[in-house]
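Q: Before I ask anything, here is the structure I am working with.
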Amino acid sequence: MPSPLLTRQFSAQSRQRGDAILRNGAVQVLDATATAAVARVQGTDEYMVVIEMERRAALLGCSCPYAADGAYCKHVWATLGSLEASPRSRVLSDALARATSVRLLLAELDDDALLDDDAFEDDAFDNDVRGDSDAAFGAPVASPRAPHPALPSPLPPPTWPAILDRAAWQMRNADATDYTAYRSRATRAEWPDDRRLVYVIEGSVGGGHSLSLEVMTEKRARDGSWSAPKRFGYSSTVWMQAPEASDREITRLLLGAAPLPDYGIARTSFVIAPHAVTYVLPAVCATGRARLKLAGPPPTLLPVTWERAAHTATTAPAPWQFTIALEREGDGWVLSGALVRGEERRDFREITWMHATGVCLLDGVLAPVAVDGQWPLMIELLLQKRLPIGDNPSAALEQLYAMPRVPALALPPELAITESHAAPTPGVRFVADPVAWRGYSTHMAGVQLVFRYGGAEVSASDAGATRFDGSTRTLYHRDRDAEQEALARLVKLGLTIVRGAESIKAPFVLPRTSLRRVAQQLTVDGWWVEVDGRAFRAPGAVQARVRSGVDWFDLDGTVAYGDTTVSLAAILEAKRLGEDTVLLPNGGLGLLPHDWLDQIGPIFAGGERTTTGARFRTSQLALLDALLATLPHVDVDAAFARQREALRGFERVLPADPAASFTGTLRGYQREGLGWMHFLRTFGFGGCLADDMGLGKTIQVLALLDARRAEGHGPSLVVVPRSLVFNWRTEAAKFAPQLRVVDWSSATRHDAAFDSTAVDMALVTYGTLRRDAVRLSEIAFDYVVLDEAQAIKNQSTATAKACRVLQASHRLAMSGTPVENRLEELWSLLDFLNPGMLGASSRFATSLRSVSADNATAGTTAGVDAVLARALRPVILRRTKREVAPELPERIERTLEVELEPKQRAFYEQVRAKVRAEVMLQVETSGLGRSKLHILEGLLRLRQAACHPVLADARKKALPSAKLDALLPALADVAAEKNKALVFSQFTSFLALVRAALDERGIPYAYLDGRTKNRHACVDRFQNDPSCPIFLISLKAGGHGLNLTAADYVYLLDPWWNPAVEAQAIDRAHRIGRMRHVIATRLVARDTIEEKILALQAGKRALADAILSSDRTGLASIGREELELLLA
């Protein structure tokens, strides 16, 4: 039983009669494939049934009259039943069952007549000759179909047994598929003697671009005349039996090489594609039976011939060419169209008919016409005949020459033009107002690309090949290569082409924040630029002038914009308001010199704005000198010139020797540092010693303070992190033993007054300074020195405020990274060293924020750094190891002892006391040999507490860690200096704390421990990625086997007794072929088990190894004396 969809198409009567035909064995399936079947059905007559699958659509056809009337007949129903009953057609039957739509094949023939002679007696010729279509040549005109449903999934391929079975069935039924046999039976009708073919050509002059051809017949009357054309109502096979060879040739030309079906009515309506017109029309005209249907009312058929009707390839006529004549008529001018060929010219008024496919009718003869894409203009002039254009022919010429395809023009002598191939001047028009184009952000600015050819403009999206300048009567031929280069330039500058750009005003967009950058670059390149209709000018030279006052300097000047200038005050005000441009005296817009303003913005922020420019104090001489260094033309007075020359004496600072009491030996660069400190004191400047880590900043400051002691000056205050107090005391005792040092951070400070006569150097931690700020601010110090001075980078913190209230004749800072994250951090440091040097903090911060990643190039930002560096060069001294100490040994090892902060110390002592009690009790109870596990566990807790309390007790996360306090600033210095460091620890939990701290500070790092899967990727990132300065490594995972030569520093967070183990870790960076130094630092917590482990290293290595490696076998030789030493 066919599917419900198929069943619904047939009436109950058709199904009953079809079932009877099937039972009577009147259905013979001639051929069946997976997608189609042909059957012969014997009914009242013998009929052909065709069933096809087209995607999911079932196409059903029959040659019977009932089907021709658009109904689903009994023959098709019987054939469906036969297919379903046969296993050989199972694939097709299954496909029919899954069909989602059904159509009649013969219903697409527009009710064409049936296969009998009465078909030639159809209705007289009417207006149903096929009209416009986009079908290609040879495609028959069909009635409209319902739209196809969405494409279904493809049918599954047949199985191999089905394929073989079908082939065998076809072999057995080869006789039944003898198409020659059934074709001869199905085509019994022959060509009638009283019929002839005619060819009706139709194409609307003003309509679409389709030219149709209808093959029809005429019947000869008894008097020999021929009737009006009627529809052709016979099969293709009958058509091929037409008596005239030319008709059979045309049949093959129209139908192509496809097999001709022997059922149904031949399709005889065709759409002739433009490229086939000169092949088809000459052929049909050569029969003498071609008719051109002209629109009515009423429509008429006009017999036509083709020019040189004996059409061959060698005698094909040349096509007529379209031209436009511009002629004077009365007081004005008119445009008219014409066809020309050689010396022959035919005005459009002489043309009877013309079509877009390139054919016209002149004097009853069809001839080819070269359209060349100009049909829209041709049809307008054909309909208008003569088009008046007024008294300004240049305006019409501008429009004609701007067309995408310029026609040939016939101009009178008085309108003669000059042609030019000159290169254009590119330009852009910016639409700065935020407007959204097709989903683009409102933060985008629109851009038009325009080219100027003489006085004429042409948009980049314009398709015209020429542009006419009416003022000079010059015709410019567009330089497409130059225009393409301009387009590429815009794309390179970051502009985006908007899709469908030809239909909108601004076909390009770019971020509004990039507008000034692009505009400036294009102006420099020689482009013309407009912004919102205003002419745009790039800034020229800056002229500046400095005049000296009592204790100030005034700066004013101008910026040139072509032949006009704008005051520096106006430029600064526009910058302050966040403008990109400044209004010029001539009404145009001047681009602010942003690169220069951004470079000197922080310098200007240090001065006070005036009506003409800015005013600087004499203490800001270095700032003003750096600003003037950015300008090529500066006029200064004599007073300023003298002071500037004295300042530049910094370039000639002489090395200084330490006092005789200083027991250390200063290297050459350290003596230069001491001389620089003397220079600062001479000018009354405070300074920051920012040498690379490991170059001995502490020893240079100690040499300075020792010299001040020897000269009899008062005490100095050194502010340090708690973890460095012990280091300062040790270094002072070693290199400046005559310095009287007091630790003002000790608990006894409250019990004694500060005796300035008995102290040369007071040490105080930042925490103590915050608490004792009022008390310490009452003391007049000779020097106040800040070690790790980045601690005051935030000027609003209590630490920074406490430092600024201290009294000192001179101020000095020490920091390897005076700027860790933002340039704004400089203000707090410089305001401590030289109050007021950078002006108000708010102005300084605002000027720096204007130089952001959104509105400044990397070069501009680098320029800001360079100008600030020049301004601050006298007060910030920085040397790197590579610059000043090439003679240093390649491998430098040092031990950094850190002092536990009070809370960590208290926790450590609690753990120590508890571990001692538990371990000693266990030893007393079970003996030393049976207590190894307890001993190891206790010692491990002590080592963890020395690193960070949370390692020993997860509840102590809030307690401080002296090692982290010492390590993190050092790692920040490494990152800021573009160096790299390895950090080793046996405790992955300690490394996890370091990771969290680095994450909080935004410092990238690589990490490797025993659980790391891809060790190579970690190593490769650290070695080759400049943005990854830190590598955290557990001892077991990375203590050996890695090549990490990118590192300059190695930090060992917990001690190892065996120097070979430490050397292996250090050697990850210090390997053959290395050109830079490696500085290895061991962090050891003072007065903890770590110091005792180091003390045992020489004689008790087995014991130390057991402690550090958790190897119980190493405790075999431990004695009670050693154990008590460790737990003391």
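Going by the UniProt record's numbering, the first residue of the sequence shown is number 1, and it counts up by one from there. Glycine included, each C-beta is placed from N, C-alpha and C at the ideal position. Model, not experiment: these values are computed from the prediction.
1. Three or more C-beta pairs closer than 8 Å, one from the segment 679-687 and one from the segment 798-807: is that the case here?
2. With 16 as the cutoff for other CB atoms within 10 Å, does H355 come out buried or exposed?
3. Between L211 and I324, is the Cβ-Cβ spacing less than 9 Å?
4. With the cut-off set at 9 Å, would you say D953 and F907 are in Cβ contact?
5. Alpha carbon to alpha carbon, how far is W744 from residue 1129? Give it in angstroms, no decimals.
6. Just to confirm the assignment, what range does the alpha helix (DSSP H) spanning K492 have?
7. To the nearest angstrom, how far is the alpha carbon of A68 from that of K230?
8. Would you list the one or two residues that DSSP bridges to C360?
9. Check this for me: beta carbons of P404 and A465, under 9 Å apart or not?
10. Is the segment 512-522 in contact with the segment 416-424, if contact means three or more CB pairs nearer than 8 Å?
11. Could you check what DSSP says for C803 in three-state terms: helix, strand or coil?
12. Mind checking which residues open and close the beta strand (DSSP E) that includes I1030?
13. Is it buried or exposed, L92, if we count other Cβ atoms within 10 angstroms and call 16 or more buried?
14. Between the segment 949-964 and the segment 1009-1018, can you find at least three pairs of beta-carbon atoms closer than 8 Å?
15. Measure the C-alpha to C-alpha separation of R15 and A34 and round it to an integer number of angstroms.
16. How about the segment 705-718 and the segment 651-664: do they share at least three Cβ pairs that are nearer than 8 Å?
17. Determine the direct distance from the alpha carbon of L487 to that of D481, and round the result to whole angstroms.
18. Is the separation between the beta-carbon of F640 and that of F781 shorter than 9 Å?
19. What is the DSSP secondary structure of C285, counted as helix, strand or coil?
20. Measuring straight from C-alpha to C-alpha, what distance separates V450 and L493?
21. Can you grab the Cα-Cα spacing for the pair C62 / A273, in whole Å?
22. What's the C-alpha gap between A37 and R90?
23. Suppose contacts are defined by Cβ-Cβ distances below 9 Å. Is E899 in contact with L724 by that definition?
24. For E924, does the three-state DSSP call read helix, strand or coil?
25. Hey, could you find the ends of the alpha helix (DSSP H) residue 1172 is sitting in?
26. So what does L387 bridge to, in DSSP terms?
27. What three-state label does DSSP hand E883 in the structure shown?
28. Is the distance from the Cβ of N834 to the Cβ of G1010 below 9 Å?
29. If you scan the segment 566-606 from start to end, which runs of the beta strand (DSSP E) of 3 or more residues do you find wholly inside it?
30. P4: buried (16+ other C-beta within 10 angstroms of its C-beta) or exposed?
31. DSSP on W552, reduced to helix/strand/coil?
32. Distance check for A338 and D347, CA to CA, integer angstroms please.
33. Leaving out five residues on either side along the sequence, give the residues of the same chain with a beta carbon under 8 Å from the beta carbon of V915.
34. Check F754 in the structure and name its three-state DSSP category.
35. Grouping DSSP H, G and I as helix and E and B as strand, with all else coil, what is F685?
36. Buried or exposed for residue 1141, going by 16 or more other Cβ atoms inside 10 Å?
A: On the basis of the coordinates in this document:
1. Not touching, per the Cβ criterion.
2. One-based indexing of the sequence shown puts residue 355 at position 355. With 16 or more other Cβ atoms within 10 Å, it is buried.
3. In the sequence shown, the residue the question calls residue 211 occupies position 211. In the sequence shown, the residue the question calls residue 324 occupies position 324. For L211 and I324, no; Cβs fall outside 9 Å.
4. On the sequence shown, residue 953 is found 953 positions in, with the first residue counted as 1. On the sequence shown, residue 907 is found 907 positions in, with the first residue counted as 1. Against a cut-off of 9 Å, the Cβ pair of F907 and D953 comes out as a contact.
5. A query on residue 1129 cannot be resolved here, the shown segment of the chain reaching from 1 to 1128 and no further.
6. In the sequence shown, residue 492 corresponds to position 492, counting from 1. That run of the alpha helix (DSSP H) goes 480-492.
7. As a position in the sequence shown, residue 68 is number 68, starting the count at 1. As a position in the sequence shown, residue 230 is number 230, starting the count at 1. Cα to Cα, A68 sits roughly 18 Å from K230.
8. Against the sequence shown, residue 360 aligns to sequence position 360. DSSP output for C360 lists M354, A367 as bridge partner(s).
9. Translated into the one-based positions of the sequence shown, residue 404 becomes position 404. Translated into the one-based positions of the sequence shown, residue 465 becomes position 465. Their beta carbons are under 9 Å apart, which means P404 touches A465 by this criterion.
10. Contact between the segment 512-522 and the segment 416-424 is absent: fewer than 3 CB-CB pairs across the two stretches fall below 8 Å.
11. Taking the sequence shown and counting its residues from 1, one reaches residue 803 at position 803. In the three-state reduction of the DSSP assignment, C803 falls in the helix class.
12. Start at 1 with the first residue of the sequence shown, and residue 1030 comes out as number 1030. For I1030, the enclosing beta strand (DSSP E) starts and ends at 1030-1034.
13. For the purposes of this step, residue 92 is identified with residue 92 of the sequence shown, where counting begins at 1. The residue is buried, with at least 16 neighbouring Cβ atoms inside 10 Å.
14. By the Cβ rule, the segment 1009-1018 does not count as touching the segment 949-964, because fewer than three pairs are nearer than 8 Å.
15. Reading the sequence shown from its first residue, position 15 is the one you call residue 15. Reading the sequence shown from its first residue, position 34 is the one you call residue 34. Going by the C-alpha atoms only, they are around 24 Å apart.
16. Between the segment 705-718 and the segment 651-664, the count of Cβ pairs shorter than 8 Å is three or higher; the stretches touch.
17. The residue labelled residue 481 in the question sits at position 481 within the sequence shown. The residue labelled residue 487 in the question sits at position 487 within the sequence shown. Straight-line Cα distance between these residues: approximately 10 Å.
18. What you label residue 640 is simply residue 640 of the sequence shown in a count that begins at 1. What you label residue 781 is simply residue 781 of the sequence shown in a count that begins at 1. Contact: no.
19. Within the sequence shown, the letter at position 285 stands for residue 285. In this structure, DSSP gives C285 a helical state, which the three-state scheme calls helix.
20. Locating residue 450 in the sequence shown gives position 450, where the first residue counts as 1. Locating residue 493 in the sequence shown gives position 493, where the first residue counts as 1. Between V450 and L493, the C-alpha separation is close to 16 Å.
21. Mapped onto the sequence shown, residue 62 falls at position 62. Mapped onto the sequence shown, residue 273 falls at position 273. Their Cα atoms are separated by approximately 31 Å.
22. Taking the first residue of the sequence shown as position 1, residue 37 is located at position 37. Taking the first residue of the sequence shown as position 1, residue 90 is located at position 90. Going by the C-alpha atoms only, they are around 12 Å apart.
23. Mapped onto the sequence shown, residue 899 falls at position 899. Mapped onto the sequence shown, residue 724 falls at position 724. E899 is a Cβ neighbour of L724, given a cutoff of 9 Å.
24. Position 924 of the sequence shown holds residue 924. Note: E924 maps to helix in three-state DSSP.
25. The structure shown does not extend to residue 1172, since the chain is modelled only from 1 through 1128, so no value can be given for it.
26. On the sequence shown, position 387 is the one that residue 387 refers to. For L387, the pairing in a beta bridge is given by DSSP as L335.
27. Here residue 883 is taken as the residue at index 883 of the sequence shown, counted from 1. In the structure shown, E883 sits in a helix (DSSP, three-state: H, G or I).
28. One-based indexing of the sequence shown puts residue 834 at position 834. One-based indexing of the sequence shown puts residue 1010 at position 1010. With respect to the 9 Å criterion, N834 and G1010 are not classified as neighbours on the basis of their beta carbons.
29. Runs of the beta strand (DSSP E) lying entirely within the segment 566-606, each at least 3 residues long, are 581-583, 589-591 in chain order.
30. In the sequence shown, the residue the question calls residue 4 occupies position 4. Exposed, since its Cβ has fewer than 16 Cβ neighbours within 10 Å.
31. What you label residue 552 is simply residue 552 of the sequence shown in a count that begins at 1. The answer is strand: DSSP assigns W552 an E or B state.
32. Stepping through the sequence shown from its first residue, residue 347 is reached at position 347. Stepping through the sequence shown from its first residue, residue 338 is reached at position 338. About 4 Å.
33. Locating residue 915 in the sequence shown gives position 915, where the first residue counts as 1. For V915, where only same-chain residues beyond five positions count, the Cβ hits under 8 Å are G938, L939, R941, L942, L1127.
34. What you label residue 754 is simply residue 754 of the sequence shown in a count that begins at 1. In the structure shown, F754 sits in coil (DSSP, three-state: anything other than H, G, I, E or B).
35. In the sequence shown, counting from the first residue as 1, residue 685 sits at position 685. Coil.
36. The structure shown does not extend to residue 1141, since the chain is modelled only from 1 through 1128, so no value can be given for it.
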